[in-house]
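Notes for the one structure printed next.
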Amino acid sequence: MSDVFDALAHPVRRKILKLLRGGAMSAGDLAAHFDLAKPTLSGHFTVLKTADLVTSERRGTTILYRLNMSVLEEALAALMSIVGSKPSGEET
Numbered sequence: 222m223s224d225v226f227d228a229l230a231h232p233v234r235r236k237i238l239k240l241l242r243g244g245a246m247s248a249g250d251l252a253a254h255f256d257l258a259k260p261t262l263s264g265h266f267t268v269l270k271t272a273d274l275v276t277s278e279r280r281g282t283t284i285l286y287r288l289n290m291s292v293l294e295e296a297l298a299a300l301m302s303i304v305g306s307k308p309s310g311e312e313t
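Structural data, given as structure tokens:
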């Protein structure tokens with residue numbers, strides 16, 4: 222789970238995940254949203270894949286990335302188990 226939180230710590234990777242909420246996108250389509258060198262963006266994709274936050278599929282010369290919602294849901298559940306939720310009006 223620490224891989225997931227490490228991956229979520231970077232704003233570029235969070236933006237990639239936000240873009241993928243709309244469905245699968247090619248690496249080129251994702252790259253168009255960033256002013257980053259190809260190797261830098263590729264490194265971000267690798268971190269997201271290692272954390273299992275995205276899956277990739279090669280179609281010819283194109284790589285399609287998809288959001289893995291189940292891992293995000295597990296991360297949210299883990300975070301909620303740590304911080305929990307307090308009844309409204311209760312101070313921390």
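First residue of the sequence shown? That's 222 in this note's numbering, and the numbers climb one at a time after it. Every residue, glycine too, gets a C-beta built ideally from N, C-alpha and C.
Handout entry: Secondary structure of Thr283, DSSP reduced to three states
Key = In this structure, Thr283 counts as strand in the three-state DSSP scheme.
Exercise for the section: Kindly confirm or deny that the region 222-241 and the region 268-277 touch, where touching means at least three C-beta pairs closer than 8 Å. Expected result: Output reads yes: the region 268-277 touches the region 222-241.
Practice task
Decide if Ile237 is buried, meaning its Cβ has at least 16 other Cβ atoms within 10 Å, or exposed.
Solution key: So Ile237 counts as buried.
Handout entry: Pick from Ala248, Ala296, Lys270 that is closest to Thr283, judged by C-alpha positions
Key = Relative to Thr283, the option among Ala248, Ala296, Lys270 whose CA is nearest is Ala248.
Practice task
Could you tell me the boundaries of the alpha helix (DSSP H) in which Met290 lies?
Solution key: Unbroken alpha helix (DSSP H) run through Met290: 290-304.
Handout entry: Close Cβ partners of Leu262 (< 7 Å) along its chain, the five nearest in sequence each way excluded
Key = Excluding positions up to five away in sequence, the list reads Ala252, Phe255.
Practice task
Would you mind sorting Met246 into buried or exposed? The rule is 16 or more other CB atoms within 10 Å of its CB.
Solution key: Around the CB of Met246, 16 or more other CB atoms lie within 10 Å, so the residue is classed as buried.
Exercise for the section: Compare the beta carbon distance of Arg235 and Leu269 with 8 Å and say whether it is the shorter of the two. Expected result: No, the Cβ-Cβ distance between Arg235 and Leu269 is not below 8 Å.
Problem - Extent of the continuous alpha helix (DSSP H) to which Gly249 belongs - result: 248-252 is the extent of the alpha helix (DSSP H) around Gly249.
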